[in-house]
Amino acid sequence: MPPTNYHAPPQPYLPRPVSLQAILDESSANNTSPEIDLQWEPFQRHVEGFLTAIDDYTLAAKTEIAARATDHVNSMRDLKAEREEMERRIHHEREREGEMLATLESERHTLTDLTSSLNHLESSLHKVKDQSSSLESELNTIRKEVTTERTEKDRQKARLNEMRKRDERELVELEDNIGFTVDGIRPDLLMMRFTLLDPSDPAREFSFLIDISKQDYTVPNCDPPIPNLLELVRQLNHDREFYTFIKRVRKAFRALIPNPAPSTRFDELSGPGLGLRTPAVPGSRILSSSTRENVIVDGGGLESLSLTNKMK
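So the mapping is simple: this note's numbering equals the position in the sequence shown, first residue as 1, plus 95.
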């Protein structure tokens with residue numbers, strides 16, 4: 096059974112049948128050398144897609160195994176805590192038992208004291224039984240409440256998982272439509288990719304890395320290089336307009352293409368305005384975890400980069 100977050104590989108590549116006899120006849124008729132179109136590029140894309148699917152499957156399996164291991168460790172820790180608590184209570188009860196035996200031994204010297212102590216113990220026993228019955232009734236009531244709350248929690252959890260899966264599918268579809276994705280390379284380092292820019296190759300990627308670990312942003316890598324990248328980064332560190340910076344970089348990428356693509360749905364996004372202005376005061380950076388690939392982003396402004404909200 097594949098992992099829950101595994102995506103199936105693309106459809107198999109079917110090579111076009113080639114008639115060798117027809118090629119030889121045509122070359123003989125034209126008095127030219129025979130040529131065969133091997134269709135190498137579709138085959139190469141198919142192989143790359145297959146390898147990507149294997150990598151995705153392996154990553155999903157490792158993630159699920161790690162999650163199960165964490166759950167197991169947590170369960171063992173809880174069981175160990177319960178066992179230690181039970182041993183402590185047993186030891187405490189044994190101490191009480193020893194004290195009671197010492198008291199009975201000392202009271203055997205006098206029949207009156209023994210009778211008085213016996214009556215007292217019988218009275219205490221009845222009280223303990225009454226308390227035990229009362230506690231048992233309360234325990235049953237609490238068990239019923241816990242069962243009810245657990246059922247409700249499970250129902251809510253199932254509903255949240257359903258909503259999360261639906262949102263993930265919508266996010267993937269939205270990213271494909273506007274040609275923009277954000278991935279976390281490591282904490283405080285984001286990879287932003289653009290597609291749908293080059294009409295001759297819509298799948299061509301234009302990407303850049305941005306480091307948000309310090310007060311001033313830096314771009315350690317940009318592919319392909321942008322001539323005015325340093326000026327764009329300097330302007331970002333000045334006005335802190337992160338979303339505007341993304342649109343400026345995309346515009347600079349389009350300027351590198353001789354015949355850029357017309358406006359896409361990305362150009363229709365007006366942006367969150369001041370809501371995406373990141374803080375300029377040291378120590379005010381807030382980090383939050385993204386739902387995809389544990390991406391760490393700047394919560395002071397990047398939380399407003401929800402592409403789903405922009406398209407509503």
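Virtual Cβ for every residue (Gly too), placed ideally from N, Cα, C.
None of these values were measured; they are calculated from a predicted model.
CB contact check: residue i to chain C, cutoff 8 angstroms
i, result
"N256", "No chain C appears in the structure shown, which is made up of a single protein chain."
Helix, strand or coil at residue i according to DSSP, with G and I counted as helix
i, result
"E300", "coil"
"D278", "strand"
"L351", "coil"
"R288", "strand"
"T246", "helix"
"E336", "strand"
"P137", "helix"
"I305", "strand"
"T198", "helix"
"T416", "Past the edges of the chain, shown from 96 to 407, lies residue 416, and the structure says nothing about it."
"D225", "helix"
"T127", "coil"
Sub-8 angstroms separation of residue i and residue j beta-carbons
i, j, result
"L291", "R349", "no"
"L285", "I321", "no"
"L209", "E202", "yes"
"R288", "S302", "yes"
"S122", "S128", "yes"
"N354", "P294", "yes"
Cα-Cα separation, residue i to residue j
i, j, result
"S218", "L230", "18 angstroms"
"R299", "T165", "39 angstroms"
"E192", "R238", "30 angstroms"
"E190", "E180", "15 angstroms"
"I160", "T153", "11 angstroms"
"E194", "K248", "46 angstroms"
"T246", "L351", "58 angstroms"
"I305", "H141", "31 angstroms"
"F340", "E244", "48 angstroms"
"D271", "R178", "53 angstroms"
"P112", "F275", "37 angstroms"
"L146", "V277", "22 angstroms"
"A155", "L266", "18 angstroms"
"E188", "T207", "28 angstroms"
Cβ pair count under 8 angstroms reaching 3, the segment 262-272 against the segment 308-318 = A contact between stretches requires three or more CB pairs, one per stretch, nearer than 8 angstroms, and the segment 262-272 fails this requirement with the segment 308-318.
Report yes or no: do the segment 340-348 and the segment 321-330 share at least 3 C-beta pairs separated by less than 8 angstroms?
-> yes
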